[in-house]
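Down below is the structure, laid out as structure tokens.
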Amino acid sequence: MFRFLSLFVLFLVVVSCGNSVDLAIDNPTDRPIQLKVDSLEVEIPAKEVVWVEMGKGQHQITLQNDSIVNFDFNQSVYMVNPTLSEYLLTEEYYGSNAYYQTYELTAAMRKKSVTYLGIEFEGNYDVVKALINPVTWDYGPRETLPEVVQVEEGDNYTVLKKLLGPQEFIDMVQASRENNTAVE
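What follows is the structure, given as structure tokens:
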């Protein structure tokens, strides 16, 4: 009997985990913003992410300007972008120099031009600016990429995807310029 009960509880845990959706609601601005997810009022502090968990399926998001969006949430993690800010999705290579050329060859097949904050880039970039975005990245806005990662056995390198917010991108460009100036 105990064995059956344990299996039943395990089944309930597995089934219930598969039916939830996590929303990462991002606010890259300097002021707090508010929105509603169904009837839940959520305040997102400036430069913060607030997480909301809900069931999969149809939900209603009411923005600060009272516009209403209905959406069928069928994946496990989404980022909600209530400010409709632009984000830049980038890739970071982790591996030895010996395999970097292999990575570049495969990356060249996905290369394209994008415009972000009025600047044109060519490479493995995507611009994310929709209100509701399925999370396809490893590190979100204001999350720091690791210095070192463990590469799976049998793999020669790994690539992590990072979503840069507008201020994060500007800070990165300024730091790069300062480093280049210091070298000269």
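Numbered according to mature numbering (1 follows the signal peptide of the UniProt record, and there is no 0), the sequence shown spans residues -24 to -1, 1 to 160. For glycine and all other residues, C-beta sits at the position ideal for the given N, C-alpha and C. The structure displayed is predicted, hence computed values, not measured ones.
Non-local beta-carbon contacts of LEU121 in its own chain, meaning distances under 7 Å to residues more than five positions away in sequence, involve GLU68, TYR115, LEU136, LYS138 in chain order. GLU123 sits exposed, since fewer than 16 C-beta atoms from the chains shown fall within 10 Å of its C-beta.
With contact defined as three or more Cβ pairs closer than 8 Å, the region 92 to 99 and the region 53 to 60 are not in contact. Per DSSP, GLN34 lies in no alpha helix (DSSP H); the unbroken beta strand (DSSP E) holding it starts and ends at 33 to 38. In summary, TRP113 is buried, with 16 or more beta-carbon neighbours lying within 10 Å of its beta-carbon over all protein chains present.
Rounded to whole angstroms, GLU128 and GLN40 show a C-alpha spacing of 44 Å. In this structure, LEU65 is the residue among PHE47, LEU65, GLN77, THR91 with its C-alpha nearest to the C-alpha of LEU140.
DSSP, reduced to helix, strand and coil, places TYR76 within a helical segment of the structure shown.
Our two residues, ASP131 and LEU81, have alpha carbons roughly 16 Å apart in a direct line. Looking only at VAL104, ALA83, TYR79, THR78, the smallest Cα-Cα distance to VAL90 is reached by VAL104.
Note that the C-beta distance between PRO110 and ASP2 is not below 7 Å.
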